[in-house]
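**Q** Per full-length UniProt numbering, the sequence shown starts with residue 1, numbered consecutively.
We put the beta carbon where it would ideally sit given N, CA and C, even for glycine.
Treat the numbers as computed from the prediction; the structure is a model and nothing was measured.
Here it is: the structure, laid out below.
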Amino acid sequence: MTSSVDDSSDETFDPTTTVDRWLRSWDLLGSFEVSRLLGDGAPAERRYIVSMFPYPSGDLHMGHAEVYAISDAMARFARMSGADTLFPVGWDSFGLPAENAAFKRELDPRDWTYRNIATQAESFRRLGISFDWRTRLHTSDPEYYRWNQWLFLRMYERGLAYRADATVNWCPTDQTVLANEQVIQGRCERCGAQVRKRALTQWFFRITEYAQRLLDDMAQLEGAWPSEVLTMQRNWIGRSEGAHIDFAIDGRSAPVRVFTTRPDTIYGATVFVVACDAPLAAELCAPDRSTDLIIYRDSVAAATEIERLSTDRPKTGVFLGTYAVNPLSGERIPVYAADYVLAGYGTGAIMAVPAHDQRDLDFALALGLPVRTVIETGAADPARTGVAADGVGVLVDSGRFTGAHSVAAQAEIVAELAERGRGAPTVTYRLHDWLLSRQRYWGTPIPIIHCDTCGEVAVPDEQLPVRLPETGYQLRPEGGRSPLASATDWAEVACPRCGAPARRDTDTMDTFVDSSWYFLRYPNPDYADGPFDPAGIARWLPVDEYIGGKEHATGHLLYARFLTKVLHDAGMLPFTEPFTRLTNQGQVLMDGKAMSKSLGNLVNLQEQIELYGPDAVRVTMIFAGPPEDDIDWADLAPQGAVKWLARVYRLADEIGRAAGTSVETVGSSAVRRSVHEVIAKATELMAAKRLNVTIAQLMQLTNLLRKAVDSGPGAGDPAIREGAEALVRMTSCFAPFTAEEAWQRLGHRPSVSDSGWPVTDFALITAETTVCVFQVDGKVRGRVEVPTGIDDESLRRLALSAPGVTNALAGRAVSNVIVRAPKLVNVVSGR
Numbered sequence: 001m002t003s004s005v006d007d008s009s010d011e012t013f014d015p016t017t018t019v020d021r022w023l024r025s026w027d028l029l030g031s032f033e034v035s036r037l038l039g040d041g042a043p044a045e046r047r048y049i050v051s052m053f054p055y056p057s058g059d060l061h062m063g064h065a066e067v068y069a070i071s072d073a074m075a076r077f078a079r080m081s082g083a084d085t086l087f088p089v090g091w092d093s094f095g096l097p098a099e100n101a102a103f104k105r106e107l108d109p110r111d112w113t114y115r116n117i118a119t120q121a122e123s124f125r126r127l128g129i130s131f132d133w134r135t136r137l138h139t140s141d142p143e144y145y146r147w148n149q150w151l152f153l154r155m156y157e158r159g160l161a162y163r164a165d166a167t168v169n170w171c172p173t174d175q176t177v178l179a180n181e182q183v184i185q186g187r188c189e190r191c192g193a194q195v196r197k198r199a200l201t202q203w204f205f206r207i208t209e210y211a212q213r214l215l216d217d218m219a220q221l222e223g224a225w226p227s228e229v230l231t232m233q234r235n236w237i238g239r240s241e242g243a244h245i246d247f248a249i250d251g252r253s254a255p256v257r258v259f260t261t262r263p264d265t266i267y268g269a270t271v272f273v274v275a276c277d278a279p280l281a282a283e284l285c286a287p288d289r290s291t292d293l294i295i296y297r298d299s300v301a302a303a304t305e306i307e308r309l310s311t312d313r314p315k316t317g318v319f320l321g322t323y324a325v326n327p328l329s330g331e332r333i334p335v336y337a338a339d340y341v342l343a344g345y346g347t348g349a350i351m352a353v354p355a356h357d358q359r360d361l362d363f364a365l366a367l368g369l370p371v372r373t374v375i376e377t378g379a380a381d382p383a384r385t386g387v388a389a390d391g392v393g394v395l396v397d398s399g400r401f402t403g404a405h406s407v408a409a410q411a412e413i414v415a416e417l418a419e420r421g422r423g424a425p426t427v428t429y430r431l432h433d434w435l436l437s438r439q440r441y442w443g444t445p446i447p448i449i450h451c452d453t454c455g456e457v458a459v460p461d462e463q464l465p466v467r468l469p470e471t472g473y474q475l476r477p478e479g480g481r482s483p484l485a486s487a488t489d490w491a492e493v494a495c496p497r498c499g500a501p502a503r504r505d506t507d508t509m510d511t512f513v514d515s516s517w518y519f520l521r522y523p524n525p526d527y528a529d530g531p532f533d534p535a536g537i538a539r540w541l542p543v544d545e546y547i548g549g550k551e552h553a554t555g556h557l558l559y560a561r562f563l564t565k566v567l568h569d570a571g572m573l574p575f576t577e578p579f580t581r582l583t584n585q586g587q588v589l590m591d592g593k594a595m596s597k598s599l600g601n602l603v604n605l606q607e608q609i610e611l612y613g614p615d616a617v618r619v620t621m622i623f624a625g626p627p628e629d630d631i632d633w634a635d636l637a638p639q640g641a642v643k644w645l646a647r648v649y650r651l652a653d654e655i656g657r658a659a660g661t662s663v664e665t666v667g668s669s670a671v672r673r674s675v676h677e678v679i680a681k682a683t684e685l686m687a688a689k690r691l692n693v694t695i696a697q698l699m700q701l702t703n704l705l706r707k708a709v710d711s712g713p714g715a716g717d718p719a720i721r722e723g724a725e726a727l728v729r730m731t732s733c734f735a736p737f738t739a740e741e742a743w744q745r746l747g748h749r750p751s752v753s754d755s756g757w758p759v760t761d762f763a764l765i766t767a768e769t770t771v772c773v774f775q776v777d778g779k780v781r782g783r784v785e786v787p788t789g790i791d792d793e794s795l796r797r798l799a800l801s802a803p804g805v806t807n808a809l810a811g812r813a814v815s816n817v818i819v820r821a822p823k824l825v826n827v828v829s830g831r
């Protein structure tokens, strides 16, 4: 039968013409509102799917389009598969970018932020993202950040929030502290200013108290989180087993403690190294060497921790004019300050063993310091080769421990140190406590009041939220003060405890605090009796599927895991891990590089939507590869998605207009079988998050149906209609506007999202026959298709009468017939 529609035509269906109509329809139908936000009487199966929420720096970009197209496909599939599905939306709306943008434009950060939120919200709608908009929250709303402050105070009461002096990265332009990852080659990643080290009193969360639990609980995430993310977190936490060793210092009453993972190398320590920016360096420095230390420290001040730890970085340092004493050998070794030792790792000091540690060896060779081998590993002399012998072996030149194997010697040496009161076995972590205070305006005010009499005083719960002042502040005050410090009317208050004049804390919280628990509030964002509704937690948490970039592995994801454990210990959560499964999405690149205005390779999302329609952009993104892969927009052709979606629409339109056969007729069995094979594959692929391969299956089904219409039973065949309906229902997960149009053309009421995911008829696709191999004396002599349920005797008779078998026997007697129904018959001749 010839189609009445020319499917090879260049005519395309552009869903942009019907976007508004379907948006209104979904709103009226409440298509994506979860049936019961708190779950009273809700079905047992639920799915809670969350994308990492966006920052409102402007309109949505191509990266947003990718991650939300992926998460929306997952949410629509879960919803159509019958699960009560919560798919929420919110904005991570505090932060430095809004503050900088407001300063440049002489605006209030609120105006900039909420204007961008409104723009992004409309763009989300026009992309067809199936959020339940009743969940909407903004972290810059007082109703939200009130609970940031409440949670801070609960941690403060438990000793998990504390204030201490710290050396921080300071941006003189943005006038704020920067995290290490915000410093690129010594400069602020946002403004490009040269970053300085600065000593400030800062607020911390004691995440190190949870270091081991963060490691141990990864067992819950194995196989459900990308292994790369778990490895990144393990490395970031950096658990090390070893020993603390105390070295006496000339002229100092108290010893200095170091940590080492190789106490068996203690006799090879030829230099004592201190982080040049640690207070300990200045404390140990001889007076006549202080100028050298200051000059050296200033020369490395701009380097980040990553740069300082780089193996390629030349090793430098300065002698501090004093000596340390080895607690076992009694040898005096020189004390140096260097940049390859970090103030925040261990105690900020190390015993350097050049022969058995590569960085120590590079340092010693650069400065002409001794290299002494104390473990025979079979390697060549490190002093000659420049390659450290970092393996295990037999100790040499190690006092009474000479001749012992290094593994056994470690325990013996630590025991000796402990007996002398000079050491002990210990475990350390690379992880630092979470520095959370920022010298900014646009963030959550820290709810502490400083009183000369009472010290630090918590703001009473009934006075929360401590709102940001809306007037009387300067975004860039003189002298590097916090903007909140310039709002004197806001900052100067009475002490809640004694009533004396006092001052509010003028720092605000790191925005990672906002994002460490927002997913707990989504089920009931209007809840006023606590940070989150216990009924919502019981119904929806933990998150079933969390989607976002792997760049958050050692920041947001680690902090969210930490806070979840804190809340569990406080009796507020029944689980210890917030995200059951994690999906990482890759980057959207252009010509091999990240999109950037400065590079001139930025692709405007709205322009792409205007050109091709939202559905084609979504399909192009997802079809390009697995969710975790980077995609290069320069290599993609949205026109292909436009043409496929047009074919789906025209197919549905033609079938919808065709006169059907009687309802008693099921239609072509071959078509039905092929349709259900695709349904089975697509269902399996969607569950495995192989979204791009699912789309390939739908394209295959489109071709199959087109061929059946054109040269098979025709558009009116019930099997073809069944296939078209299945195609449209599955396509709705990726191209919702096109699917709604096609569903309507097939004669159905909206919304296709309410129609459910098609169910596979497994009886239809289960093979009813199989191929049986006939052998004579172990050699194949024929293959015959037989019923899967054939009995042994019938299969025996069939084999003995098969031409290939009789020819091979050539009249010889049969001594045995081995039957393995329905797959094999082996006839054994009497020879």
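On the CB-based measure, 16 or more other CB atoms within 10 Å of its CB, does A808 come out buried or exposed?
**A** By the 10 Å Cβ count, A808 comes out buried.
**Q** Does the distance from the CB of G399 to the CB of Y267 come in under 8 Å?
**A** Contact flag set, yes.
**Q** Three or more C-beta pairs closer than 8 Å, one from the stretch 474-485 and one from the stretch 415-432: is that the case here?
**A** Judged by Cβ distances under 8 Å, the stretch 474-485 makes no contact with the stretch 415-432, as fewer than three pairs qualify.
**Q** Quick one: Cα of R239 to Cα of T347, how far?
**A** Cα to Cα, the separation comes out at about 15 Å.
**Q** Using the rule of at least 16 other Cβ atoms within 10 Å of the residue's Cβ for burial, across every protein chain shown, is E551 buried or exposed?
**A** Exposed: under 16 other Cβ atoms inside 10 Å.
**Q** For L435 versus A211, is the C-beta distance shorter than 8 Å?
**A** No.
**Q** Grab me the residues of G747's own chain with a C-beta within less than 6 Å of its C-beta, minus the 5 sequence neighbours each way, in chain order.
**A** Closer than 6 Å at Cβ, skipping near neighbours: G656.
**Q** Determine the closest residue to G128 out of L293, C772, A739, G499, with distance taken between C-alpha atoms.
**A** It is A739.
**Q** If you run the structure through DSSP and keep just helix, strand and coil, what is G804?
**A** It is helical.
**Q** CB-CB under 7 Å to V407, same chain, minus the five flanking residues each way: which ones, in chain order?
**A** Excluding positions up to five away in sequence, the list reads V392.
**Q** For A219, does the count of other Cβ atoms within 10 angstroms reach 16, so buried, or fall short, so exposed?
**A** Exposed: under 16 other Cβ atoms inside 10 Å.
**Q** Reducing DSSP to helix, strand and coil, say where A352 ends up.
**A** In the structure shown, A352 sits in a strand (DSSP, three-state: E or B).
**Q** V387: buried (16+ other C-beta within 10 angstroms of its C-beta) or exposed?
**A** V387 is exposed by the Cβ-count criterion.
**Q** Helix, strand or coil: which one does DSSP assign to I70?
**A** Here I70 sits in helix by DSSP.
**Q** Between L293 and the rest of its own chain, which residues show a CB-CB distance below 8 Å, the 5 nearest in sequence each way excluded?
**A** Within the same chain, L293 has close Cβ partners C276, A281, A282, C285, V318, L320, A337.
**Q** With C-beta atoms as the reference, is A767 less than 8 Å away from V784?
**A** In this structure, V784 does not lie closer than 8 Å to A767 by Cβ.
**Q** Using alpha carbons as the reference points, say which of V566, A411, Q439, E143 lies closest to L464.
**A** Checking every option, the nearest Cα to that of L464 belongs to E143.
**Q** Compare the Cα-Cα distances from E376 to each of G403, Q587, A101, F363 and report the closest residue.
**A** The option with the nearest alpha carbon to E376 is G403.
**Q** Apart from the five residues on each side of it in sequence, which residues of its chain come closer than 7 Å, Cβ to Cβ, to residue 912?
**A** Any answer about residue 912 is impossible in this case: the structure gives the chain only from 1 up to 831.
**Q** Check for me: the alpha helix (DSSP H) holding M232 runs from which residue to which?
**A** Run containing M232: 227-237, per the alpha helix (DSSP H) assignment.
**Q** I'd like the ranges of any beta strand (DSSP E) spanning at least 3 consecutive residues and lying wholly in the stretch 492-559.
**A** Qualifying beta strand (DSSP E) stretches, in chain order: 492-494, 501-504, 545-548.
**Q** Could you tell me whether the stretch 56-68 touches the stretch 496-512, using the rule of 3 or more Cβ pairs below 8 Å?
**A** Cβ pair count under 8 Å is below three, so no.
**Q** Return the chain-ordered list of same chain residues with a C-beta closer than 6 Å to the C-beta of Y48, the five sequence neighbours on each side being excluded.
**A** If we look at Y48 and ignore the five residues flanking it on each side, its Cβ neighbours are L86, W540, V543, D544.
**Q** To the nearest angstrom, how far is the alpha carbon of L369 from that of G251?
**A** Whole-angstrom Cα-Cα distance: 23 Å.
**Q** So, helix, strand or coil for R438, using DSSP?
**A** Looking at R438 - three-state DSSP - the assignment turns out to be strand.
**Q** Here's a check: name, in chain order, each residue in its chain whose Cβ is nearer than 7 Å to the Cβ of D791, leaving out the five neighbours to either side.
**A** A821.
**Q** Kindly indicate which residue of F575, R721, D529, D526 has the alpha-carbon position closest to the one of A538.
**A** Ranking the options by Cα distance to A538, first place goes to F575.
**Q** Restricting to Cα atoms, I'd like to know which of H138, W757, L558 is closest to I207.
**A** It is L558.
**Q** Suppose you measure from the CA of R115 to the CA of D72; what does that come to, to the nearest Å?
**A** Roughly 24 Å separates the two Cα atoms.
**Q** Let me know if H405 comes out buried or exposed under the rule of 16 or more other beta-carbons within 10 Å of its beta-carbon.
**A** By the 10 Å Cβ count, H405 comes out exposed.
**Q** List the DSSP bridge partners of residue 870.
**A** One cannot answer for residue 870 here, as it falls past the ends of the chain, which runs 1 to 831.
**Q** Whose C-alpha, out of G571, G530, R706, is nearest the C-alpha of R146?
**A** The candidate whose alpha carbon is nearest that of R146 is G530.
**Q** Using three-state DSSP, classify N326 as helix, strand or coil.
**A** Here N326 sits in coil by DSSP.
**Q** Which residues in the same chain have their Cβ closer than 6 Å to the Cβ of A719, if we skip the five residues on either side of it in sequence?
**A** Answer for A719: G667, S668, V671, R672, listed in chain order.
**Q** Under a three-way DSSP split, which group does D20 fall into?
**A** Three-state result, D20: helix.
**Q** Taking T554 and Q233 to be in contact with their CB atoms under 8 Å, please state how far apart those CB atoms are, rounded to whole angstroms.
**A** Confirmed, about 6 Å.
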